[in-house]
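Participant:
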Amino acid sequence: MASHQNGQHQYGVTEPLSTAGPTEADLARDRELDKFLVEAGLYESQEESMLREEVLGHLDQIVKLWVKKISISRGYSDQVVQEANAKIFTFGSYRLGVHGPGTDIDTLCIGPRHATREEDFFIVLHNMLLEMPEVTELHPVPDAHVPILKFKFKGISIDLLYARLALWVIPEDLDISQESILCNVDEQSVRSLNGCRVTDQILRLVPNIQTFRTTLRCMKLWAKRRGVYSNVTGFLGGVNWALLVARICQLYPNAVPSMLVSRFFRVYTQWRWPNPVMLCEIEEGSLGLPVWDPRKNPRDRLHLMPIITPAYPCMNSSYNVSTSTLRVMTEQFESANEVCKAVEMKQADWSALFETYPFFEAYKNYLQIDIMAADQDDLRAWKGWVESRLRQLTLKIERDTFGMLQCHPYPCEFVDPSKQVQNTAFFMGLQRRQGVPIREGQQFDIRGTVDEFRHSVSSYCYRKPGMCIYVSHVRRKQIPVFVFPDGVRPPRPSRIGLPSSKSGSPGSKGGSPPSKQGQLGDENDDVPRQGTKRGAEMPLEGVTEVPQKLRAQSLDSAIGLSVSRARAASISSAAVGPGDLATDELDDIPLSNTHKRVSDVPLDKLSDSFKKQRSPTGSYILTRTSSGRSEDELEDSAPKRTVNGQSTMVSKSGLVSISVNGSKTGHISTNRSILEERSKGRGFMESQVRPGHTDNGSIDELE
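Per the working numbering, the very first residue in the sequence shown carries number 3; after that it's consecutive.
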């Protein structure tokens, strides 16, 4: 809490870094910033604000009727039924006063001890809401870390939590800030209550609430534009950003928002993680609930970016942050700090700070995760489950590659309008760990990692027919056009002349410096670099394929799958085609001018069968489908591959044997076998096709 020193309040656990107020230049920049926020549409209309209040009033009446209905079904007396009560509280962005148009309202329903979560909240209340015409898109998530009901009421999105108190009657003037409110409540109720308690405590611990709100609006907009706003994918969510901003407000109590935005990046660029960010001292409390304490709790020592909640029990709100996501955020802080310096020197304006991050230009390799379902309701549930597990995929890749392969999960979702089914796609950027010497022939095989992720996702207990997931590896040039605005792929800028974020020169006014995260490549990725080693040559006319119908226009071969590809080019033993991440160095070793990709060869130079199955991504894939046919039928219709006149097919065992120059390769049964060219194109290592997978760049529908 705030303490008194020299007749003034001290907010936070340390003295302020500066108590200076704004200069005329600061006030001018502050007016420009406020104008930018208004033009960006961050403030909702008066009509929408009144509708939100109306919806909250309706919701409060609904939960009161719900508790009375439960009390009657329990056979309680008329007096108990009459006194039965429940109450709605708000928290999150709405309670903090930083919500914008279309944002959801985080709400908490507090009920008496006889109203259970499993039966009464997720069944009785759920059914009541289901019968109301004002309620749409009702989606219960009872097995979440904090169980939640998601729905829309008159078009307003609602996230409803439930806390069951050890009280028979819930008073209308209930004060949830008191520690005693947590007595004899279950762990899920403690977590649910913590959202409201933390929000209220934040507002008590900042010197100027209005200044805090404006600064937080700026930071939320910046985080969303830069792709680092998402707790579920390992970045930071609303409460995390609120706590970080609140700490800056404590350190600069008399600053205006334009100053605080600049100081935010200045401070957190230099912050030595994992030193925690705290608004107040951690209180042990009298109820014996566990609090964040790395001295006592070994798990707390593993947290990389601790941001501690100020209400008892104090917890780390950012435990989802991983090594990769911390790296991404740190680089974004550094880049933004340079832009803020330029704004202060009048070399750039505020729009430069809020430019959208060019994620699909930042990396040369990506993971594409496609999620599909039969209808919109199924997709909503399935997508929520898969998205909650994407962070695990990032952690597993870091673990299995010993941190050498870095992931950047992008917290935006995309829809492919060309697909006939309901779908959503997520993407992850991939790159080798920077600053580490590259070993010749080093390869990353993450097929087992993807398998582990697939099995984790398949445990969804509400899974229905039609819910499926596909994981693919795509190169930058192969990114599907539906991820770009208006479906138009923008031209890629040249590396020449781009300012460096390290140089301290953010470039011309209105432009932000590029992030160090992914270097923008040349206009043509296939221009050879001096000194690049080449692998074996394989003549174009020596390879033809008759693959089955490709699954989707935008998908390349699957990560984690052994996929036979006919890349008519020189393929280094250190870097195979873009679909085989098992052998991909992620260094994007280009092809020489004399060794073209199949996709670069004119159609009139290809065989008729090749013309029909030419992939838009420039890859040719040996495919199998899981369509419910028997093994014999699969073998009869197995795709064939011809190499120098020798053909082969997928055997019943699922192993591919390939004949090269009259020599048939032997079967390799290891789960991590890889497809590569060796000895000047004389042979292939064979790859195993696992049951339950397709070789068309996907993980087949889970069983």
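Every residue, glycine too, gets a C-beta built ideally from N, C-alpha and C.
Under 8 angstroms, with one C-beta from each stretch per pair, do the stretch 50-63 and the stretch 98-118 reach the 3-pair mark?
Facilitator: As far as the Cβ criterion goes, the stretch 50-63 touches the stretch 98-118, which means the pair count is three or higher.
Participant: Hey, could you find the ends of the alpha helix (DSSP H) D80 is sitting in?
Facilitator: As a first step, residue 80 is located in the sequence shown; it is residue number 78 there, counting from the start. Counting along the chain, the alpha helix (DSSP H) containing D80 begins and ends at D80 to E85.
Participant: Quick check: the Cα distance between F486 and S73, rounded to an integer number of angstroms?
Facilitator: Mapped onto the sequence shown, residue 486 falls at position 484. Mapped onto the sequence shown, residue 73 falls at position 71. When rounded, the distance between both Cα atoms is 54 angstroms.
Participant: With which residues is L127 paired in a DSSP beta bridge?
Facilitator: Taking the first residue of the sequence shown as 1, we reach residue 127 at position 125. Partner(s): none; L127 has no beta bridge.
Participant: Within the continuous alpha helix (DSSP H) that includes Q334, where are the two ends?
Facilitator: The residue given as residue 334 occupies position 332 in the sequence shown. Here the alpha helix (DSSP H) through Q334 covers T325 to E346.
Participant: Pull the bridge partners of D28 from the DSSP assignment, please.
Facilitator: Here residue 28 is taken as the residue at index 26 of the sequence shown, counted from 1. For D28, which the question treats as bridged, DSSP gives no partner whatsoever.
Participant: Just list the residues that DSSP pairs Y368 with in beta bridges.
Facilitator: On the sequence shown, position 366 is the one that residue 368 refers to. Y368 pairs with G431 and V476.
Participant: From what residue to what residue does the alpha helix (DSSP H) around H141 run?
Facilitator: For this step, residue 141 is matched to residue 139 along the sequence shown. Element bounds for H141: not the alpha helix (DSSP H) but the beta strand (DSSP E), V137 to V143.
Participant: Should T25 be labelled buried (16 or more other beta-carbon atoms within 10 Å of its own) or exposed?
Facilitator: Position 23 of the sequence shown, counting from 1, holds the residue named residue 25. When all chains shown are included, T25 counts as exposed.
Participant: Drop a sphere of 10 angstroms on the beta-carbon of G77, count the other beta-carbons inside from all chains shown, and report buried for 16 or more, exposed for fewer.
Facilitator: Here the question's residue 77 lines up with position 75 in the sequence shown. By the neighbour-count rule (16 or more Cβ atoms within 10 Å), G77 is not buried but exposed.
Participant: Quick one: what's got a C-beta closer than 6 angstroms to H128's C-beta in the same chain, skipping five residues either side?
Facilitator: For the purposes of this step, residue 128 is identified with residue 126 of the sequence shown, where counting begins at 1. So the qualifying residues of the chain are P142.
Participant: CB F155 to CB V137, shorter than 7 angstroms?
Facilitator: The residue you call residue 155 lines up with position 153 of the sequence shown. The residue you call residue 137 lines up with position 135 of the sequence shown. Their beta carbons are under 7 angstroms apart, which means F155 touches V137 by this criterion.
Participant: If we cut at 7 angstroms on Cβ distances, does A376 have a partner in chain D?
Facilitator: The structure shown contains no chain D, having only a single protein chain.
Participant: Okay, do the stretch 214-229 and the stretch 278-289 touch, 3+ Cβ pairs below 8 angstroms being the bar?
Facilitator: No, the stretch 214-229 does not touch the stretch 278-289.
Participant: Rounded to whole angstroms, what is the Cα-Cα separation between Y1 and S337?
Facilitator: Examination of residue 1 is not possible in this model, given that the chain is present from 3 through 705 alone.
Participant: What are the residues that DSSP puts in a beta bridge with K154?
Facilitator: Within the sequence shown, residue 154 is the residue found at index 152, counting from 1. Partner(s): T138 and S159.
Participant: Give the secondary structure of Y96 by DSSP, where H, G and I count as helix, E and B as strand, and everything else as coil.
Facilitator: Along the sequence shown, read from residue 1 onward, the residue named residue 96 stands at position 94. The answer is helix: DSSP assigns Y96 an H, G or I state.
Participant: List, from N- to C-terminal side, the beta strand (DSSP E) runs of 3 residues or more that fit wholly inside the stretch 381-418.
Facilitator: Fully enclosed beta strand (DSSP E) runs of 3 or longer: 407-416.
Participant: Measure the alpha-carbon distance for V148 versus Y412 and round it to whole angstroms.
Facilitator: Position 146 of the sequence shown, counted from the start, is the residue given in the question as residue 148. Position 410 of the sequence shown, counted from the start, is the residue given in the question as residue 412. Cα-Cα distance, rounded: 23 angstroms.
Participant: Could you tell me the boundaries of the beta strand (DSSP E) in which I107 lies?
Facilitator: Sequence index remark: in the sequence shown, residue 107 carries index 105 (1-based). Taken as a continuous stretch (DSSP letters only), the beta strand (DSSP E) holding I107 covers I107 to G113.
Participant: Measure how close the beta-carbons of L281 and Y368 come, nearest whole angstrom, since I'm counting them as under 8 angstroms.
Facilitator: Counting from one through the sequence shown, the residue named residue 281 turns up at place 279. Counting from one through the sequence shown, the residue named residue 368 turns up at place 366. Not quite, the Cβ-Cβ distance comes to about 38 angstroms (not below 8 angstroms), so this is no contact.
Participant: Measuring CA to CA, which of P492, A244 and D145 is closest to Y96?
Facilitator: Residue 96 sits at position 94 when you count from the first residue of the sequence shown. For Y96, the nearest C-alpha among the options comes from A244.
Participant: Quick one: using the 10 Å Cβ neighbour count with 16 as the cut-off for buried, is N186 buried or exposed?
Facilitator: The count along the sequence shown starts at 1 and reaches residue 186 at position 184. The residue is exposed, with fewer than 16 neighbouring Cβ atoms inside 10 Å.
Participant: In terms of DSSP beta bridges, what is C470 paired with?
Facilitator: Within the sequence shown, numbered from 1, the residue matching residue 470 stands at position 468. M374, per the DSSP bridge assignment.
Participant: For W294, which residues from the same chain have a beta carbon less than 6 angstroms from its beta carbon, with the 5 sequence-adjacent residues on both sides left out?
Facilitator: Walking along the sequence shown from the start, residue 294 turns up at place 292. D302, I310, C316, M317 and N318.
Participant: Considering just the uninterrupted stretch of the alpha helix (DSSP H) at C198, what are its terminal residues?
Facilitator: In the sequence shown, counting from the first residue as 1, residue 198 sits at position 196. Here the alpha helix (DSSP H) through C198 covers E189 to L207.
Participant: Would you call the stretch 159-168 and the stretch 88-106 in contact, with 3 or more CB pairs under 8 angstroms?
Facilitator: Result yes; three or more Cβ-Cβ pairs closer than 8 angstroms.
Participant: Confirm, please, whether the CB-CB distance from C342 to F404 is below 7 angstroms.
Facilitator: Start at 1 with the first residue of the sequence shown, and residue 404 comes out as number 402. Start at 1 with the first residue of the sequence shown, and residue 342 comes out as number 340. The answer is no: Cβ separation not under 7 angstroms.
Participant: Nearest-angstrom Cα distance between L132 and L140?
Facilitator: On the sequence shown, position 130 is the one that residue 132 refers to. On the sequence shown, position 138 is the one that residue 140 refers to. Rounded to whole angstroms, L132 to L140 spans 7 angstroms at the Cα level.
Participant: Quick one: using the 10 Å Cβ neighbour count with 16 as the cut-off for buried, is A257 buried or exposed?
Facilitator: Taking the first residue of the sequence shown as position 1, residue 257 is located at position 255. Answer is buried; the Cβ neighbour count reaches 16.
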